[in-house]
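J.: Every letter in the sequence shown is one number past the one before it in the numbering used here, and letter 98, counting from 1, is 100.
Can you read through this structure? Questions will come right after.
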Amino acid sequence: MRNCFASLCLVLAIGLPNAFADGSSGLRGTARGPGDIDAKVGLPKEIQDKIGIDQKLGSQVPLQLEFVDESGKTVKLADFFTGGKPVIFVPAYYRCRLICNRVLDGMFDGLKRIDAKFRPSDHFEVVVLSMDPTENAEHAGNKKESMLSTLGRRRSVGGWHFLTGSEANIKQVMDSVGYRYIYDEKRSEYLHATGVMILTPEGIVSRYLLGIRYMPTDLELSLVESSKNNIGTLADQIKLLCYAYDPRSGQYNLIVIRMVQAGALATIFSIIFFWFWSPLVGLFRGSEKVRVVIKSAEVSATDVQPNSVGSSHERQA
């Protein structure tokens with residue numbers, strides 16, 4: 003048994019560091035994910051090179067910058083990073099005719115599918131920032147109301163915040179998350195990639211989810227990881243052991259080796275449990291037997307004493 007225990011420890015010691023290694027820094031390119039729309043199709047090469055997402059995992063978002071929310075109130079980004087909750091950051095603009103609507107609808111639909119477990123405002127916040135400095139609180143408010151009327155889930159939009167701001171502040175935030183976009187004067191629209199960023203409660207870029215459709219597993223795991231275990235359950239932590247984040251696709255993929263390692267870890271704990279528990283059980287049972295014997299002896303002594311007294315009286319008679 004000791005040899006088995008040592009072997010399993012060796013397997014984990016060798017395998018775990020490799021399985022959890024993440025060489026995702028410095029990735030660059032247009033966001034591609036499930037159901038993605040290729041924003042670069044049909045564009046000249048010089049324009050294609052100017053739009054995309056440069057993944058800056060670990061980058062700090064400037065939380066001190068001021069913006070205006072959908073109600074016209076001046077706010078700081080820091081106002082949404084409270085209570086140890088992660089933040090889903092959505093770059094968009096509210097007069098976008100196609101792609102931004104698909105991103106917002108895809109995010110709303112994805113969050114609706116995990117609503118029983120994680121809810122906006124309760125477990126995380128959603129911050130949508132317009133890349134268009136000419137938009138204002140009215141545009142932001144109309145977009146939020148349009149989502150309410152279309153999707154009909156007012157409670158779920160409680161943790162959604164639609165912001166507008168100055169060109170300088172917008173650019174600082176977009177640069178911090180690696181989001182590249184340009185304004186096409188010929189089309190009178192912004193050209194940009196599709197994707198969202200998951201930020202830690204401190205405003206650090208933790209994960210990128212690419213495309214316009216966001217799977218429940220990707221949303222759940224990215225929120226749990228980014229929250230630093232402030233949300234989620236033990237089952238979510240165990241699930242994370244068997245999945246690895248792929249920054250190129252912006253998805254979590256099931257890793258067989260991690261499943262094997264998780265099984266090995268469970269085996270180790272089982273061995274430890276039985277190794278130390280069995281002697282304790284034996285000791286407990288032994289103590290219980292001693293108590294039974296003592297109890298039996300006491301009962302026997304009690305039964306014998308009256309008989310002995312009775313016999314003495316008979317002899318005296």
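All C-beta atoms, glycine included, are put in the ideal place defined by N, C-alpha and C.
As the structure is a computational prediction, the values presented were derived from the model and not from experiment.
Could you give the distance in angstroms between the alpha-carbon of residue 100 and the alpha-carbon of residue 196?
T.: In a straight line, the C-alpha of residue 100 is about 11 Å away from that of residue 196.
J.: In terms of residues, what are the limits of the beta strand (DSSP E) holding residue 83?
T.: No beta strand (DSSP E) holds residue 83; DSSP gives it neither H nor E.
J.: Would you mind sorting residue 167 into buried or exposed? The rule is 16 or more other CB atoms within 10 Å of its CB.
T.: Burial call: buried.
J.: Per DSSP, residue 94 is paired with what?
T.: Paired residue(s): 132.
J.: Short check: CB of residue 68 to CB of residue 164, under 8 Å?
T.: Contact: no.
J.: Suppose the cutoff is 6 Å on Cβ atoms and the five residues either side in sequence are ignored; what does the same chain contact list for residue 138 look like?
T.: Answer for residue 138: 166, listed in chain order.
J.: Pick out the complete beta strand (DSSP E) segments inside the region 175–229, 3 residues or longer, and give them in chain order.
T.: Complete beta strand (DSSP E) runs here, min 3: 181–186, 191–194, 197–201 and 207–212.
J.: Three-state secondary structure (DSSP) at residue 110?
T.: Helix.
J.: Compute the Euclidean distance between the alpha carbons of residue 108 and residue 120, then round it to the nearest angstrom.
T.: Straight-line Cα distance between these residues: approximately 16 Å.
J.: When the Cα atoms are used, what is the spatial distance from residue 136 to residue 118?
T.: Taking the straight line from one Cα to the other gives about 37 Å.
J.: By the three-class DSSP mapping on this structure, what secondary structure does residue 116 have?
T.: Note: residue 116 maps to coil in three-state DSSP.
J.: Is it buried or exposed, residue 62, if we count other Cβ atoms within 10 angstroms and call 16 or more buried?
T.: Flag for residue 62 reads exposed.
J.: Specify the secondary structure class of residue 24 as computed by DSSP and reduced to three states.
T.: Only weak support is given to the placement of residue 24: the predicted model assigns it a pLDDT of 40, under 50, and the question is left unresolved by the model.
J.: Just the Cα atoms here: how many angstroms apart are residue 145 and residue 96?
T.: Roughly 6 Å between the two C-alpha positions.
J.: Who pairs with residue 165 in a beta bridge, going by DSSP?
T.: According to DSSP, which records beta bridges pairwise, residue 165 is partnered with 131.
J.: Based on the DSSP output, what are the partners of residue 122 in its beta bridges?
T.: 126.
J.: Take residue 103 as the anchor and find which of 132, 217, 78 and 79 has the nearest alpha-carbon.
T.: Minimum Cα distance to residue 103 is reached at 132.
J.: On a Cα-Cα basis, can you pick out the residue from 110, 186, 170 and 208 that is closest to residue 179?
T.: Nearest option by C-alpha distance: 208.
J.: Let me confirm a value: residue 170 is counted as buried when at least 16 other C-beta atoms fall within 10 Å, else exposed. Which label applies?
T.: Result: exposed.
J.: Is it right to say residue 190 is buried, meaning 16 or more other beta carbons lie within 10 angstroms of its own, or is it exposed?
T.: It counts as exposed.
J.: Between residue 128 and residue 92, is the Cβ-Cβ spacing less than 8 Å?
T.: Contact flag set, yes.
J.: Using DSSP bridges, identify the partner residues of residue 76.
T.: Answer by DSSP bridge pairing, in chain order: 70.
J.: Assign residue 215 to one of two classes, buried (16 or more other C-beta atoms within 10 Å of its C-beta) or exposed (fewer than that).
T.: The residue is buried, with at least 16 neighbouring Cβ atoms inside 10 Å.
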